[in-house]
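Below is one structure, written out as structure tokens; the observations come after it.
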Amino acid sequence: MRALIFLLVLGFVSVGLASAQTVNLFSIFEQTPVKDRLSWLESKPLNKLPDDFLYQALLLTDAANIELGSDDDVHAKTETALWLCQQLGSRHYVAAIPLLRRLPTEYHNTNLKSAVWAALAADQATAAIPDMILELKALNAGFTPNAAGEAEAYTLLQALTTLKAKAAFPDFVRATSAWYSPGSQVRALALKSLPLLVPDYSQALLSVIRTDTYPGTRLTALELAQKSTDVQFRDTAAAVALKASLDLQTNDDRQQDIVTRLRKAALTALAVAASVPAEALPSLKNVLMSWIDPQADFDDLGNAAFAMAKISAPDSVKALAQVLSQLNSRQKVGANTSAQVGFARVLIAALGVSASPLAAPALSDVEYSSYTPAIRREARSALKRIPQS
């Protein structure tokens, strides 16, 4: 392929499609030793180096395989290619876009890749957005800190922001919590750039929470949403995240741990929410009904109960009261574990918060269900919060 490109370059020059100036410059560049080409280029006034010459020079440099040869040759070719990419980008020479897009697939040098991404962004090469996103995904997934990868990621974030690449939004979210060191400023730039990529930042975060492939990205999106000053949006994001955490299924232990963290974060947010969205009720009931499971997480159950107490829908109070009634029945025959007794106390408090007449029967039954005097007093206090008809 590179040999063919080289022949095309020679043909382009020889058949007279280039200016006499370009032909002359290319001939000199070709005959100049590899290690001296960059200094030769830098010695020329930029206005004396035509765009098509720079393009042909980059083609020739690539045709020689930039990463093949002695260390000195590779270094010289890489530095020359870097300079040429920067010049072509600054001149917005769109004819070079196909070549620029190919270079990152051929070579591993991150400095060269960064120069290419910057040039493509300067050329407004939107067709290269998928290439950039794939590269950013790969960098985000890395686990070994390295300055070269951080520098390339930083350039990619800048390039994708310049191109207003909406499709990169989930990968920017991922970058805000990826392995990058604080000193690299990659995470800070990703966070700062998020609102610049999309017309509606809040809706974009909700979309990530609902649909992203990676549970970790959903968790990061929820954490970002919880920093919003829009209370209603924070509560909606928590409701969406809870549903997502219950729908997600994975056999990977590490991913399952992240799903668990997503569920816990959503429940914690809903438990302290000023107003819990009605859309959260099915998911909260799903959590509540797991109380009978020997492996039930009673912290989650408690948060679900307090969140449900703040939903005015009768179904919410009925579900809480039903579970308390079941626990009352078990308590009468000594079947409750200590954790279940503790959960009964949480339900009593939650039903008191609801202040709903629908809670009265279950709360009244606590008095006759063999609980301790302290728990019975809590039930009486909860009953007093219910308006008398």
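Quick note: to get our numbering, add 34 to the position in the sequence shown (first position is 1).
Yeah, the Cβ is synthetic: ideal placement off N, Cα and C, and Gly gets one too.
These numbers were taken from a predicted model, which means no experiment stands behind them.
Taken in chain order, the complete alpha helix (DSSP H) segments of 4 residues or longer contained in the region 355–404 are 372–388, 394–399.
Counting along the chain, the unbroken alpha helix (DSSP H) around glutamine 65 starts and ends at 54–65. Under the three-state reduction of DSSP, tyrosine 235 is assigned to helix.
Cα atoms of leucine 146 and phenylalanine 63: separation of roughly 20 Å, rounded to the nearest angstrom.
Comparing alpha carbon positions, the residue from Asn370, Val310, Ser148, Val128 closest to threonine 406 is Asn370. The continuous alpha helix (DSSP H) containing aspartate 287 extends over residues 287–305. Here leucine 92 has Ala115, Leu118, Cys119, Leu122, Ala130, Leu133 as same chain residues with Cβ atoms under 8 Å from its own Cβ, once five neighbours each way along the sequence are excluded. Secondary structure at serine 104: coil, using DSSP grouped into helix, strand and coil. The alpha-carbon separation between lysine 82 and valine 274 amounts to approximately 59 Å.
Under the three-state reduction of DSSP output, phenylalanine 87 falls in the helix class. Here the alpha carbons of alanine 152 and glutamate 140 stand approximately 17 Å from one another.
Every candidate beta strand (DSSP E) stretch fails here, since none sits fully inside the region 186–230 while reaching 3 residues. Apart from the 5 residues on each side of it in sequence, proline 179 sits with its Cβ closer than 7 Å to the Cβ of Trp213, Ser215 in its chain, given in chain order. Counting of Cβ neighbours within 10 angstroms places asparagine 143 among the buried residues, the total reaching 16 or more.
In this structure leucine 240 is not in contact with alanine 202, their Cβ atoms being roughly 17 Å apart against a cut-off of 8 Å.
In the DSSP assignment, alanine 312 falls outside any alpha helix (DSSP H) and carries neither an H nor an E.
Across the structure, glutamine 356 and glycine 217 are spaced so that their CA atoms are roughly 54 Å apart. Considering only Leu228, Pro328, Ser388, the residue with the shortest C-alpha distance to valine 351 is Ser388. Ala271 is the residue among Phe177, Gln90, Ala271 whose C-alpha sits nearest the C-alpha of alanine 307. If you draw a straight line from the Cα of lysine 78 to the Cα of threonine 66, it is about 14 Å long. The three-state secondary structure of arginine 419, taken from DSSP, is coil. Annotation: proline 316 to alanine 224 spans about 34 Å, alpha carbon to alpha carbon.
Remark: C-beta atoms of leucine 322 and alanine 339 approach each other more closely than 8 Å. For tryptophan 151, the enclosing alpha helix (DSSP H) covers residues 144–156. Distance check between arginine 379 and each of Ser363, Pro138, Val265, Val400 places Val400 closest, using alpha-carbon atoms only.
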